[in-house]
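Chemist: Quick one: the structure is below, and I'll ask about it shortly.
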Amino acid sequence: MDVFGGAPRFLAYPRPVMVQSGTDAVLKCQIGGDPRPAVIWERNNEKIDPQGRYRVFEDGNVYNLIISAVTTEDSGQYICKAKNSIGETYAAATLKVEGEAQEMELREENKPRFLIKPLSTRVGRGEDAVFSCKLWGNPRPEVVWEKDGRKLNEIFESTHFTVGYQDGGWFQLKIFKTRAPDGGVYTCKARNEFGEALAGAVLLVDAGPGHEEEGNRNGYTNGHWKAHQGKQRSGRQVLNRLKDDTITKSTKVKMFAVTEGKHAKFRCFVTGKPKPEIIWRKDGRLILSGRRYLLYEDREGYFTLKVLYCKQKDNGVYVCAASNTAGQTLSAIHLSVKEPPVRFKQPLIDLEVWERDLAILECEVPEDSVPITWYLEDRRLQPGAKYGMEEWGTKRRLTIRDIGVDDDGIYLCEMPDGGRSIAEVAVRGTILRKLPRKVDVLEGENAAFCVEVEKEEMDIHWYKDGIELRETHQTILKSFGRTHILVFVNTMPQDSGLVTFLVGRSKTSSQLRVKAARHCPPSCPVGVQINTERANAALLSWIPAQDSRRNPPSGYVLERQEVGTGSQEWLQCLTTDSATSVEILGDSVPCEADYRFRICSVNKYGKSNNVEFPRAVHLVPVARIQAPLQDALVPEGQDALFSIELSASVIGTWFLNGTQIQEDERFSMRRSRTHQSLRIRGVRDTDNGAEITFIAYGIRDSAALYIQGMSPLVRFTAIPDDERNKTIQKGCPIVLHCELSDPSAQVHWYKDGSKLHPQNGVEILTEGLVRKLIVHSADFFHCGLYCCKTKGDTITFTVDIKAPPVKFSTIPEEMRTRLIEAGCPIILQCQVSDPEAHVCWYKDEMQLVSSSALEIHSEGNTRTLVIQSAELCHSVTYSTIFDVERSKSLEAGKALELECKVADSTVPVCWYKDGVKLFPQNGWEIQSIGILRRLIIPSAELLHSGLYSCETSDGAIHFTVDIKGDFNQIFCMRKQFLDSPVWGITPFLISV
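Here the sequence shown is numbered in this note's numbering, starting from 71 and rising by one per residue.
Pasting the structure below:
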């Protein structure tokens, strides 16, 4: 076979394809070439990755691109490119998708939508609560009801609620004999094959006569939920106090101490079904939410009481009492408030003022020289138009002018030694219950706000960031008499902002912050499938879990298990960053066998459970020659032994002068994993010069058998190892030469077992005793094992091709320092030596990505950054940087070294493997030298394969490491242009 001949050519060009929207489209072309070309598909000058809706497969010399569930956006031109070592070619295929408009109309017509959404309601304790809604959807949607983001069967017993459906599209949720904890936000989620819809409603449960204290338990949403309950009746308080006094005598009371002015936080974890009702008491008196008391259920399920800015009057016993229909329990703790070492001569006193009045707070410090600082809760106050601050002698005064509802709160006067004096300022006016200063929720949770005003039927308005809110399916606005509620259902980051309630001239505001979900390992992939249509390959595909938006995986780890060996060991065979499908070839396994596969998701916080693919697949490795056949010189009548060492265990066939050899008395064949051998017993004179050939899947190698004494032998002169193992830079000539003992002897050159012939770019020369093979311009496919064979001897050469170092062309200083007028475009350009080199652009050490205002171009050797309109914030230093080697493959036992650079030498980094944080141990080194950060493992083992990450507070860089064990190239993903990575940086200074 001529390994350098046969440029790719189209045997059948791709035809235009017209399909209906929603179906699959198949683009195909037939391509010939020797060696077999590599084929890729492109659209809009971008390579199509075979994942998601795109799949590629080969059927002989027919190459197919399959696009699943096409839409009109898939219409257009697709390019099929074929390339091998001789040349390349390409052709265009046109895809037209019809029916998208009809499909969109069908989808809009049939997806779920609320004709009548559920209405918020208010019921008394023990009454039934009913939510009804009318939905349209074809087919009929599946409906799920949730409370505060949790499914009802997780928090309610089955007898406490029922869901139903009635003709006409009516769906209903009914809650029987409501209790205080039933209050909250209820959502109805509807879904069918065309889409989904969501709507929410609020339930308030009034405590009712004799249960006033239970109003304190109504909801626990965001720490700010229940309706205002008013003052408690004194008779009821006495009864509660007596009840608690009796209970705490038989209950172990824990002790807790806090310094005056600090916070005290009590958490109580209670489980039960139905969900327990919780009340808190202090010294027998019921505790209600207020300025200094926060009551809520946190995300870990703890019922929490937080006492803010503790005073001496907060000393006492606090009891958490939990009860449901099955029983009750309680827990008690004694709070001791320690006095500060230095006390105020005269502390602040609580104050009650009317809106738009003047509020004056006064206190007295121990000495004239003691400075103080004023705070409104955690916000330090500064003197100005709003706040006046005065000092004379030991007296200290704070004046609050034009006081409003948001000035209601806790004020502190603090001395340098930490001593504090605390006062509550109550602002009376139209708004009786104001908003909290801030509300923090996780993405996907509900955010609820409640305000109470002095009269019913007042003209009220809700705003977010100055824009008035209107009710939608996911924004609930509801008024119950004097109580007004706002709920954002299933919050997203864009819901963050300043929420304002306005009534007349009075207003109260709250800062809503929607935070990313808490960090935790990702969920395992779902929908795993295995496709074995292609010979000696398996296409594995999967779908990220539905919660991947909250806990995104940084990659996936694939493992395999050999079937039928009795071993239950799973070995890692692949890691991938974001792909949702991967093709496993026979070349990736160590030996011919049946294999199972499983997959898990990983991120920096850990890994998910493994999911096994549904069936096994038979794979045969594509072996490579490690030690070729050698000619044998044997005395007549003796045995001749031929052996070959491969990179993988495969079944091969032996031939003698072109005739297949069968096992018998004369011929003996042995196979021991990667080692294959043939023994010929009692060689004869007729065997002299016989050709022995070994053929396996993708392997062919030959040697000669000579009988000693029958003809003079030709020998090669010994060559040093450095002449036989060559590393050549791409584009440079490859020159292999050897010297014979006989100038007339003929030789044959082979590459990877295939015979070579002179052709364009390849010369085979004879000069006296010297024999030469010359390749004029080295390319990556020239890597391999070369042999020069003559009668009686063989000499081998190993050739490796490396990429030339990538460099930036010099840029004049005036082009690197630019002064740009605001509003004008910024265009930065640089030249690289390799047109295929990948570069990254940075601004103040932060990597830039393309957006509507910023473009990054790569044309030939030119790399361009374009900012459409310059602003003052663009006045910085920009830089380009070459990407680093992200894949490492090395033999077990060798040193593994991973390296990256940071912009600032003081920046700390953390190293992770498969999501687990690494620390120096057992010879491992984590180095920090200037801007270099290194991880060094002196002796790599198979278990060190995996996904490594080096992370700073601003970003991360990932490495895929493959450690080879007993078998070479167990799995290899090579990008030849990264064989010799070089870091380079070109900075630009921009002033606007």
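Where is the CB? At the ideal position from N, CA and C, for every residue including glycine.
1. Three-state secondary structure (DSSP) at Asn357?
2. What residue range is occupied by the uninterrupted beta strand (DSSP E) comprising Leu568?
3. Quick check: what's the CA-CA separation for Gln1039 versus Ile613?
4. Which word fits Tyr379, buried or exposed, when buried means at least 16 other C-beta atoms lie within 10 angstroms of its C-beta?
5. What are the boundary residues of the beta strand (DSSP E) that includes Leu189?
6. Confirm, please, whether the CB-CB distance from Ser998 to Val979 is below 9 Å.
7. Kindly give me the distance between the Cβ atoms of Thr868 and Asn795, rounded to whole angstroms, as I take these residues to be in contact under 8 Å.
8. Residues in its own chain within less than 7 Å of Leu502 by CB, not counting five upstream and five downstream?
9. Taking 8 Å as the cut-off, does the CB of Asp870 come closer than this to any heavy atom belonging to the ligand SAH?
10. Can you tell me whether DSSP reads Arg490 as helix, strand or coil?
11. Assess, as a yes-or-no matter, whether the region 562 to 580 is touched by the region 529 to 538 under the definition of 3 or more beta carbon pairs within less than 8 Å.
12. Using a Cβ-Cβ cut-off of 8 Å (strictly less than) and excluding sequence neighbours within five positions of Val193, which residues of its own chain qualify?
13. Let me know if His852 comes out buried or exposed under the rule of 16 or more other beta-carbons within 10 Å of its beta-carbon.
14. Which residues bound the alpha helix (DSSP H) around Asp791?
15. Pull up the distance between the alpha-carbon of Lys151 and that of Pro107, whole angstroms please.
16. Can you give the Cα-Cα distance for Leu356 and Ile349, rounded to whole angstroms?
17. Can you have a look at Phe667 and say buried or exposed, based on whether 16 or more other CB atoms are within 10 angstroms of its CB?
18. Taking the straight line between their C-alpha atoms, what separation do you get for Phe231 and Gly196?
19. Enumerate in chain order the residues of its own chain whose CB-to-CB distance from His745 is below 7 Å, with the five nearest sequence positions on each side excluded.
20. Taking buried to mean at least 16 other C-beta atoms within 10 Å of its own C-beta, is Gln631 buried or exposed?
21. Could you pull out every residue in the same chain whose Cβ sits closer than 6 Å to the Cβ of Val109, ignoring the five residues on either side in sequence?
22. Ignoring anything shorter than 3 residues or poking outside the region 400 to 475, list the beta strand (DSSP E) runs there in chain order.
23. With distances taken from CA atoms, which of Val690, Lys508, Pro486 is nearest Gly722?
24. Terminal residues of the continuous beta strand (DSSP E) containing Asn931?
25. Note down the Cα distance separating Asp953 from Cys910, rounded to an integer number of angstroms.
26. Using C-beta distances below 8 Å, list every residue in its chain close to Gln778, excluding the 5 sequence neighbours before and after it, in chain order.
27. In chain order, what residues of the same chain lie with their CB nearer than 8 Å to the CB of Asp734, ignoring the 5 residues before and after it?
28. Where does the unbroken beta strand (DSSP E) through Glu809 begin, and where does it stop?
29. Using C-beta distances below 6 Å, list every residue in its chain close to Glu283, excluding the 5 sequence neighbours before and after it, in chain order.
30. Given a threshold of 16 other Cβ atoms within 10 Å of its Cβ, counted over all protein chains shown, does Leu935 qualify as buried or as exposed?
31. Taking Lys259 and Glu216 to be in contact with their CB atoms under 8 Å, please state how far apart those CB atoms are, rounded to whole angstroms.
32. I need the straight-line Cα distance from Asp94 to Arg79, nearest angstrom please.
33. With a threshold of 16 other CB atoms inside 10 Å of the CB of Gln90, please say whether the residue is buried or exposed.
34. Count the other CB atoms within 10 Å of the CB of Thr880; is the residue buried (16 or more) or exposed (fewer)?
35. With H, G and I counted as helix, E and B as strand and the rest as coil, what does DSSP make of Thr976?
36. In three-state DSSP terms, what is Ala815?
Modeler: Once the coordinates are examined:
1. Sequence index remark: in the sequence shown, residue 357 carries index 287 (1-based). Residue 357 is actually Ile in this sequence, not Asn. It is coil, neither helix nor strand.
2. Walking along the sequence shown from the start, residue 568 turns up at place 498. Element bounds for Leu568: 567 to 573.
3. Along the sequence shown, read from residue 1 onward, the residue named residue 1039 stands at position 969. Along the sequence shown, read from residue 1 onward, the residue named residue 613 stands at position 543. Residue placement at Gln1039 is flagged as unreliable, the pLDDT there being 31, under the threshold of 50; the coordinate-derived value follows with that caveat. For Gln1039 and Ile613, the distance between alpha carbons rounds to 28 Å.
4. Locating residue 379 in the sequence shown gives position 309, counting from the first residue. Buried, because 16 or more other Cβ atoms sit within 10 Å of the Cβ of Tyr379.
5. Reading the sequence shown from its first residue, position 119 is the one you call residue 189. It is not in any beta strand (DSSP E) - Leu189 carries neither H nor E in the DSSP assignment.
6. Residue mapping note: residue 979 aligns to position 909 of the sequence shown, counting from 1. Residue mapping note: residue 998 aligns to position 928 of the sequence shown, counting from 1. Cβ atoms of Val979 and Ser998: closer than 9 Å.
7. Taking the sequence shown and counting its residues from 1, the one referred to as residue 868 is at position 798. Taking the sequence shown and counting its residues from 1, the one referred to as residue 795 is at position 725. Contact flag correct, Cβ pair sits at about 5 Å.
8. Position 432 of the sequence shown holds residue 502. Counting only Cβ-Cβ distances below 7 Å, and skipping sequence neighbours, we find His298, Glu522, Val523, Glu524.
9. By its list of ligands, the structure shown contains no ligand whatsoever, and the ligand SAH lies outside what it can speak to.
10. Here residue 490 corresponds to residue number 420 of the sequence shown, with the count starting at 1. Of the three classes helix, strand and coil, the one that applies to Arg490 here is strand, per DSSP.
11. yes
12. One-based indexing of the sequence shown puts residue 193 at position 123. Excluding sequence neighbours, Val193 sits near Ala199, Thr248, Leu273, Leu274, Val275, Asp276.
13. Here residue 852 refers to the residue found at position 782 of the sequence shown. Classification for His852: buried.
14. Residue 791 sits at position 721 when you count from the first residue of the sequence shown. It spans 791 to 794 - the alpha helix (DSSP H) in which Asp791 sits, taken as one unbroken run.
15. As a first step, residue 151 must be located in the sequence shown, where it is residue number 81. As a first step, residue 107 must be located in the sequence shown, where it is residue number 37. Approximately 9 Å, taken between the alpha carbons.
16. On the sequence shown, position 286 is the one that residue 356 refers to. On the sequence shown, position 279 is the one that residue 349 refers to. Their Cα atoms are separated by approximately 8 Å.
17. Residue numbering aside, residue 667 sits at position 597 when the sequence shown is read from its first letter. Looking at its Cβ environment, which holds 16 or more other Cβ atoms inside 10 Å, Phe667 is buried.
18. As a first step, residue 231 must be located in the sequence shown, where it is residue number 161. As a first step, residue 196 must be located in the sequence shown, where it is residue number 126. Each residue's Cα considered, the two are about 13 Å apart.
19. Here the question's residue 745 lines up with position 675 in the sequence shown. If we look at His745 and ignore the five residues flanking it on each side, its Cβ neighbours are Ser713, Glu715.
20. Numbered from 1 along the sequence shown, position 561 holds the residue referred to as residue 631. By the neighbour-count rule (16 or more Cβ atoms within 10 Å), Gln631 is buried.
21. For the purposes of this step, residue 109 is taken as the residue at position 39 of the sequence shown. The answer, listed in chain order, is Tyr133, Ala152.
22. 421 to 424, 429 to 434, 443 to 446, 457 to 462, 465 to 470
23. Within the sequence shown, numbered from 1, the residue matching residue 722 stands at position 652. That would be Val690, whose Cα lies nearest to the Cα of Gly722.
24. For the purposes of this step, residue 931 is taken as residue 861 along the sequence shown, with counting starting at 1. Careful: Asn931 lies outside any beta strand (DSSP E) and carries neither H nor E.
25. By 1-based counting over the sequence shown, the position of residue 953 is 883. By 1-based counting over the sequence shown, the position of residue 910 is 840. Residue confidence for Asp953 is low, a pLDDT of 45 falling below 50, so the modelled location carries little weight; the figure read from the coordinates is stated next. The alpha-carbon atoms of Asp953 and Cys910 are separated by roughly 7 Å.
26. Reading the sequence shown from its first residue, position 708 is the one you call residue 778. Leu703, Val704, Pro705, Glu706, listed in sequence order.
27. Taking the sequence shown and counting its residues from 1, one reaches residue 734 at position 664. Nothing listed; no residue qualifies.
28. Residue numbering aside, residue 809 sits at position 739 when the sequence shown is read from its first letter. Start and end: 804 to 809.
29. Position 213 of the sequence shown holds residue 283. Because the pLDDT of Glu283 is 48, which lies under 50, any placement of that residue in the model is unreliable, and the number read from its coordinates should be weighed accordingly. Excluding positions up to five away in sequence, the list reads Ile349, Leu356.
30. As a working note, residue 935 is residue 865 in the sequence shown. Looking at its Cβ environment, which holds 16 or more other Cβ atoms inside 10 Å, Leu935 is buried.
31. The residue you call residue 259 lines up with position 189 of the sequence shown. The residue you call residue 216 lines up with position 146 of the sequence shown. Yes, Lys259 and Glu216 are in contact; Cβ-Cβ is about 7 Å, under 8 Å.
32. Stepping through the sequence shown from its first residue, residue 94 is reached at position 24. Stepping through the sequence shown from its first residue, residue 79 is reached at position 9. When rounded, the distance between both Cα atoms is 27 Å.
33. By 1-based counting over the sequence shown, the position of residue 90 is 20. Label assigned to Gln90: exposed.
34. By one-based count along the sequence shown, residue 880 stands at place 810. With fewer than 16 Cβ atoms within 10 Å of its Cβ, Thr880 is classed as exposed.
35. Here residue 976 corresponds to residue number 906 of the sequence shown, with the count starting at 1. It is coil, neither helix nor strand.
36. Against the sequence shown, residue 815 aligns to sequence position 745. Looking at Ala815 - three-state DSSP - the assignment turns out to be coil, as it is neither helix nor strand.
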